[in-house]
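In our numbering, the protein residues as written are 34 to 798.
Just so you know, even glycine gets a beta-carbon here, dropped at the ideal spot from N, CA and C.
All values derive from a computational prediction rather than experimental measurement.
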Ligand code: GLN
Ligand code: ZN
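See the structure below:
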C-alpha cells in the first residue's frame, strides 16, 4: 500500500482566524488562554481536514513562525528579552515583533528579531541569533502538548521538526563566530528531543533539511553527515525532507544519510527521481512530493500516474506520496471561493484539494485507475479545458512576445546624452527631492475604495473622491516644496493587484490568503492566461494630478518582474515568457503616459531581488530575462522622458551590474536602515546613472533629523558624484500618517537645500 502524508498545513485558518485572534490578543482584548484555545481549535480543524492521510503532521502549527518556535524549543532566546519580566509568551512575542501584550502600558519594547525570507518563498521567518557563547537546552513542552492533543483525537501522527543543520544555516552569527562550532551542543539537544519523541511512542519524525537544495561547502556537507550519524541511535524513524529545488551535488549525500526515508520535491527535482531511486538503499522509504505545494493549479493526475505506476511497481510499500513542500504557501480551501469564475475555478486546487489529489493518486496506485475513474475523468476534463481555453491562449499576445527584439529594450541615446536633454527640460535644482509614490492611506481613503468596490458608491462619486485626495496630496507636496511630485496612489489597494485587475489574464480570489509573516497575510493574484493591456490604466489620474501643478508629475507603475514575483503564476509556460507578456502590457502603459504628456515615469521593481534562484549558478539566467523584461517595459520612450525605478532592499551589491543594465535614468533604493552600507558596492562598481539612496526609513514612526539626512547624503556623495544624487525616502509612505510624513519631508527638503549650497560651494570653492 502507498502511504500518504503531508509536510505541513496552512496555520492561519480558512477565515484568517489566527490573524484576528493574534491581533486582538496583542491589543489586550483577548486573554492568553482564549488565544491558546483558538490555536488548539484551529489545529483540531486542520487535522480534521487531513484525516484521510496515513500520517498527519503535528508541530507545523505556530502562533507566529516555526523557526522562532524552534529557537524557543532549543532554548535559544536572545538575552535582550530573556531578562525582561513576563512569561514565555511575552518573550516569544518580544522576539517576534518587538513587544508583548504586557508592554502595551509601559512600553519596554526591544528590538524584534530580524526577519527574512524562507528560501525563495514569500514567507518570512525570524532569524535565529547565535554567538560563540550560545548554548542550547531542550524545552519541548509545546510540541509534546500538541502531540498529546492529536493523540487524544486519535490521529496517527508524524511530528515535524526543523533539522539541526538547516536551523544553523538559517541563523545569523552576531559576533562573526563560526555557526558550525555550535553543532555539537545543538546535536545533543536534538538527540534528547528525538529520545523524548520516541518515549512518546512516536514512530516517524519528519525532519526538514531544505538546506540540501543549496550550494553547500564541504563543512556544511560534513555537518549533515555528522548530525545524522549522531542522531540515528536514539531516534524514531526519521523522514528527511528536502524541497524547493534539486539536490544536484548533494544527491548522493541525501541518499546515504542514515535515516529511514527521504522526501523529494518532484515539482523541482523531477529529473533526479530516477537517480535517487538507484542510489537509495533498499531499506529506506522514498516520499515523492508530486503535488505542487506552492502553486494553486490542479495536478494533471493521469500524467502523474503514467509516471508513478512504474515507480510504484518497483518500490511497492516503500513509496510514500505527499505535496512537494508544506502547504503553508497556498490558500486553505477552494470551497471558500464563491465568487470565482466557474471555469477558472475548475482549474484550481488549494491546500484541501491538494490533499484530495494525494488520496486519489494513492487509491489509483493501490486499487487501479478504475477504482477512481470518475474522479480521474473529472480531473482530465479540467486539465484539458485549461489547456485548450481561448481565455488562456491569445495568439496575438504570443505573437507579440516573439517579435520582441533588442531595439525594443534600448533607449534612443545613452544616459550621458539623455541627461543633457532632461536637465534642460526639467530644470531641477541640485539634490532634487521626490517621494516613492504613495502618500498616507487614511481610513477615509480605504473606506471610499471599499464603498466603491462593494457598490455603495457610484463611479462618478468615487472618481470625485479620489480626485479630492489627489488635490490634497499635490497641494501638500507643493507647500512642502518637493521638486518632483506624485499623485499619491489613493486609488491603489496594492501595487500588484491594482494593475492585475485591469489586465486580461489575471484573476482574484476572495479568501486566497497566504501567510507572509506572523499575522500578516497576502492574497496573491493568479495569472491564468496570456496577459493583455487593453486600455490605459493610470493616465487619467496622473494627468489630473499634473493639471494641478507646474512641477513635473511622476507617473507610477509596477514593473513586470514584481508583477510576476508577487502573483501565483502559470505552470504551463516559462516564468520568463509570462514576464515578457507583462513587460509588453506595462510598456503599453508607459507609452500611454508619455503620450498623455507625463515626462517622468517610475516603474517599481520592489520584488526583483526576491526572484533570484536559490543557487547562485542560476542567477545570471534569471537576471538576463528579468532585466530584459524591464528594458522592454521602460525603454520605448524618447530621450526627454525620464525613467525612474525603485527597489526596496539594500543588499544589491551582488546584482549591481545587472541593475545598471536596466538603464533607468534614476534609481531610488532603500539604504537608511543599513546606514548607507549599501553604498560600499559603489566602490567596486561605478553606477553610471542617477541614484536616490533612501534617507528616511519609512518603516519607523521616527522623524529623521536634518543633520542625520545630511550625514547620510554626505556619505553618499563620497561614492557618487553629487550631480547624480537625488534625495528621497526609502519606500512609499502609505503606511505612515500625515503627522509623521510632513515633518519628515520638511527635514528632507531642508537637508537637500543645505547640501546644494554647501556641497556646490565646496566644489566651486
Ligand atoms: N510606489 C509604491 C509606493 O510608494 C512602491 C511600493 C514598494 O516599493 N513596495 O507605495
Ligand atoms: Zn519600496
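By Cβ distance below 7 Å, which residues in the same chain neighbour residue i in space, the five residues on each side in sequence not counted?
i, result
"residue 45", "51, 52, 546, 548 and 554"
"residue 786", "none"
"residue 168", "218"
"residue 620", "665, 666 and 669"
"residue 773", "734 and 736"
Among residues of its own chain, excluding the 5 on either side of residue i, which ones have a beta-carbon nearer than 8 Å to its beta-carbon?
i, result
"residue 183", "76, 80, 89, 91 and 190"
"residue 810", "Because the chain in this structure spans residues 34 to 798, residue 810 falls outside the shown range and cannot be described."
"residue 678", "592, 635, 636, 637, 638, 663, 667, 695, 697, 699, 700 and 701"
"residue 520", "503, 506, 507, 574, 575, 577, 578, 586 and 589"
"residue 279", "246, 301, 302, 304 and 305"
"residue 131", "142, 143, 144 and 145"
Report whether the distance from the Cβ of residue i to the nearest heavy atom of the ligand GLN is below 8 Å.
i, result
"residue 806", "Residue coverage of the chain in this structure runs from 34 to 798, which leaves residue 806 outside it and unanswerable."
"residue 150", "no"
"residue 781", "no"
"residue 681", "yes"
"residue 502", "no"
"residue 528", "yes"
"residue 695", "no"
"residue 522", "yes"
"residue 589", "yes"
Quick one, which of the options has its alpha-carbon nearest residue i's?
i, options, result
"residue 599", "543, 650 and 527", "527"
"residue 214", "260, 248 and 745", "260"
"residue 177", "203, 592 and 94", "94"
"residue 15", "789, 669, 42 and 721", "Residue 15 falls outside the range modelled here, since the chain spans only 34 to 798, and no answer is possible."
"residue 195", "253, 726, 273 and 133", "273"
"residue 166", "136, 143, 186 and 206", "206"
"residue 788", "771, 770, 775 and 759", "759"
"residue 814", "495, 299, 601 and 623", "Residue 814 is absent from the model: the chain starts at 34 and stops at 798."
"residue 294", "319, 285 and 416", "319"
"residue 559", "380, 337 and 300", "380"
Please classify residue i as buried or exposed, where buried requires at least 16 neighbouring CB atoms within 10 angstroms.
i, result
"residue 455", "buried"
"residue 305", "buried"
"residue 557", "buried"
"residue 474", "buried"
"residue 382", "buried"
"residue 352", "buried"
"residue 48", "exposed"
"residue 349", "exposed"
"residue 200", "buried"
"residue 612", "buried"
"residue 144", "exposed"
"residue 410", "exposed"
"residue 510", "buried"
What residues in its chain sit with their C-beta under 6 Å from that of residue i, if we drop five residues either side in the sequence?
i, result
"residue 158", "98, 100 and 151"
"residue 797", "Confidence at residue 797 is low in this model, with a pLDDT of 49, below 50, so the placement of that residue should be treated as unreliable; the coordinate-derived value is given next. Excluding residues within five positions, none has a Cβ falling inside 6 Å."
"residue 459", "585"
"residue 188", "80 and 89"
"residue 564", "536, 538, 614, 615 and 618"
"residue 672", "445, 446, 451 and 454"
"residue 413", "335"
"residue 675", "455, 633 and 698"
"residue 384", "43, 360, 363 and 365"
Can residue i be considered in contact with the ligand ZN, in the sense that its beta carbon sits closer than 8 Å to one or more heavy atoms?
i, result
"residue 684", "no"
"residue 765", "yes"
"residue 637", "yes"
"residue 643", "no"
"residue 622", "no"
"residue 703", "yes"
Would you list the one or two residues that DSSP bridges to residue i?
i, result
"residue 553", "550"
"residue 270", "237"
"residue 38", "88"
"residue 324", "356"
"residue 675", "633"
"residue 471", "521"
"residue 298", "322"
"residue 587", "633"
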